[in-house]
Amino acid sequence: MITSKTISNGILRALATILIIGIVLYFLYEIQTVIVYLCISLILCLIANPLVLFLKNKLKFSNSMAATTTIIFFIFLIVGFILLFVPLIISQANNLALLDTAHLQTNFIEAEKHLEEYFNIQHIDLNKVIKDSKLTSVLDFSYFTGFINSIINFMANMGMGLVSVFFITFFFIKDQDIFKDQARRILPDSNEDKILNSITKINHLLTRYFIGLLLQLIVVFILYLIVLLIFGNKNAFVIAFLCAILNIIPYLGPIIGTTLAGLLTMISMIGKDFQSEILPTTIYVIIGFLVVQAIDNNVSQPIISSKSVNSHPLEIFLVILISGITFGIVGMIIAIPVFTMIKVILKEFFPNNKIVSVLTERI
Numbered sequence: 013m014i015t016s017k018t019i020s021n022g023i024l025r026a027l028a029t030i031l032i033i034g035i036v037l038y039f040l041y042e043i044q045t046v047i048v049y050l051c052i053s054l055i056l057c058l059i060a061n062p063l064v065l066f067l068k069n070k071l072k073f074s075n076s077m078a079a080t081t082t083i084i085f086f087i088f089l090i091v092g093f094i095l096l097f098v099p100l101i102i103s104q105a106n107n108l109a110l111l112d113t114a115h116l117q118t119n120f121i122e123a124e125k126h127l128e129e130y131f132n133i134q135h136i137d138l139n140k141v142i143k144d145s146k147l148t149s150v151l152d153f154s155y156f157t158g159f160i161n162s163i164i165n166f167m168a169n170m171g172m173g174l175v176s177v178f179f180i181t182f183f184f185i186k187d188q189d190i191f192k193d194q195a196r197r198i199l200p201d202s203n204e205d206k207i208l209n210s211i212t213k214i215n216h217l218l219t220r221y222f223i224g225l226l227l228q229l230i231v232v233f234i235l236y237l238i239v240l241l242i243f244g245n246k247n248a249f250v251i252a253f254l255c256a257i258l259n260i261i262p263y264l265g266p267i268i269g270t271t272l273a274g275l276l277t278m279i280s281m282i283g284k285d286f287q288s289e290i291l292p293t294t295i296y297v298i299i300g301f302l303v304v305q306a307i308d309n310n311v312s313q314p315i316i317s318s319k320s321v322n323s324h325p326l327e328i329f330l331v332i333l334i335s336g337i338t339f340g341i342v343g344m345i346i347a348i349p350v351f352t353m354i355k356v357i358l359k360e361f362f363p364n365n366k367i368v369s370v371l372t373e374r375i
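This note's numbering applies: residue 13 is where the sequence shown begins, and numbers increase by one.
This is the structure:
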């Protein structure tokens with residue numbers, strides 16, 4: 013018989029459950045940066061696993077030595093990546109230094125006059141408008157210092173993030189066997205096979221995913237390079253490499269890469285005639301990049317999403333969208349690997365759940 017006491021107890025339990033879930037979600041939200049660091053470190057650990065096995069099995073390195081060597085290798089990769097773009101930065105800076113600002117201003121004034129005559133617009137004296145509106149007394153130029161502070165904070169956060177990720181990755185690589193043993197002890201003995209199966213499937217799927225992603229980036233890089241070489245870009249290799257790396261960011265990366273390629277192409281041609289040389293060449297480069305993206309979207313990405321991680325393209329799109337809103341660009345990059353790991357774990361531990369069975373039917 014259901015009494016008022018039973019109902020009240022049920023309501024209290026439901027409220028307590030909701031409160032606990034809310035606290036957990038809020039806690040996860042507050043430590044989202046740490047979660048991102050852990051996810052990146054785990055992905056780096058999976059990528060480095062073949063190198064670690066080679067160092068340990070072939071060269072007889074200890075766990076600590078293999079982990080240290082791997083971290084040094086990653087650091088060299090980052091340093092090499094940065095040094096690769098130093099010539100590009102210097103080249104573009106030199107191009108900007110050659111810019112004839114007086115000539116540019118004259119052309120701008122002429123263009124303004126033509127527009128005014130064409131559209132029958134009365135000439136507007138901007139200096140007079142600014143003085144009459146007393147705009148300079150209203151403007152707050154403190155945003156310049158804020159902008160500088162934001163750059164400094166970004167660099168500090170980036171440095172802190174790299175140190176944290178490498179520190180976590182070092183211990184993930186060094187003590188991965190210990191972590192596996194501890195995981196077995198935490199969970200009941202009946203789940204030991206499920207843990208081993210989950211780890212095996214995750215390694216298999218993510219290895220396929222990263223190999224497929226690497227092949228995709230190589231193909232995109234070659235196609236970008238061909239486009240830039242056709243139109244005589246002096247920094248074709250570096251620009252193609254940068255735009256291919258940006259392709260790691262789902263959906264946004266190709267857009268950013270195409271925009272960047274167009275801007276760098278225009279800057280590299282400063283000093284030439286804008287209408288007959290700079291503008292047509294930039295348009296052709298952008299069209300070429302759009303063709304490359306069409307090939308990538310219709311050939312490379314479907315192979316990676318459907319065959320490597322066994323997920324529907326719409327499912328991947330929604331996961332990337334949610335991850336991007338929650339964790340930003342980093343969340344978009346790690347969305348597919350993390351989602352794949354979660355699906356494997358759910359299938360192993362909750363195979364009879366209807367929702368899990370629907371989500372994991374292709375694994």
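For every residue, glycine included, the Cβ atom is placed at its ideal position computed from N, Cα and C. Bear in mind the structure is a predicted one, so any value in this text is a computation, not a measurement.
query                                                                                                             : result
Euclidean distance between Cα positions of G274 and Q44                                                           : 35 Å
Spatial distance of I367 from V356 (CA atoms)                                                                     : 13 Å
Assigned secondary structure, T372 (DSSP; H/G/I helix, E/B strand, else coil)                                     : coil
Sequence-distant residues of its chain with Cβ nearer than 6 Å to I30 (five each side left out)                   : none
Helix, strand or coil at Y263 [DSSP, three-state]                                                                 : coil
Simplified DSSP state of T82, which is helix, strand or coil                                                      : helix
Nearest-angstrom Cβ-Cβ length linking G173 and Y49, presumed shorter than 8 Å                                     : 7 Å
Integer Cβ distance of M281 from T293, believed to fall under 8 Å                                                 : 6 Å
Cα-Cα separation, F88 to L237                                                                                     : 24 Å
Contacting residues, own chain, Cβ-Cβ under 6 Å from G269 (five flanking each side not counted)                   : C255 and L258
Top-ranked residue by Cα proximity to T181, from T80, A28, I94 and M353                                           : T80
Residue range of the unbroken alpha helix (DSSP H) whose run includes N21                                         : S16 to E42
Assigned exposure category for E360 - 16 Cβ within 10 Å defines buried                                            : buried
Under 8 Å between C-beta atoms of I52 and V177                                                                    : yes
CA-to-CA distance, L291 to I298, given in whole angstroms                                                         : 11 Å
Under the three-state DSSP convention, the category F362 falls into                                               : coil
Closer than 7 Å: L326 CB and nearest the ligand ZN heavy atom                                                     : With respect to the ligand ZN, the structure offers nothing, as it holds no ligand at all.
6 Å Cβ shell around V232 - same chain, five flanking residues per side excluded                                   : A256, N259 and D308
Nonlocal neighbours in the same chain, by C-beta distance under 6 Å from G336, ignoring five residues either side : G343 and M344
Cβ-Cβ separation, I328 to I348 (assumed contact under 8 Å), whole Å                                               : 6 Å
I251 to E289 span [Cα, whole Å]                                                                                   : 19 Å
The alpha helix (DSSP H) enclosing I290, as first and last residue numbers                                        : Neither: I290 is in no alpha helix (DSSP H) and is coded neither H nor E.
CA nearest to the CA of I295, picked from I230, M278, T212 and D285                                               : M278
Distance between beta carbons of L67 and F184, contact taken as under 8 Å                                         : That belief does not hold up - the Cβ atoms of F184 and L67 are roughly 15 Å apart, past 8 Å.
Exposure of Q305, with buried meaning 16 or more beta-carbon neighbours within 10 Å                               : buried
Alpha carbon of A78 to alpha carbon of K186, nearest angstrom                                                     : 7 Å
Neighbour-count burial assignment, L217, 16 or more Cβ in a 10 Å radius                                           : buried
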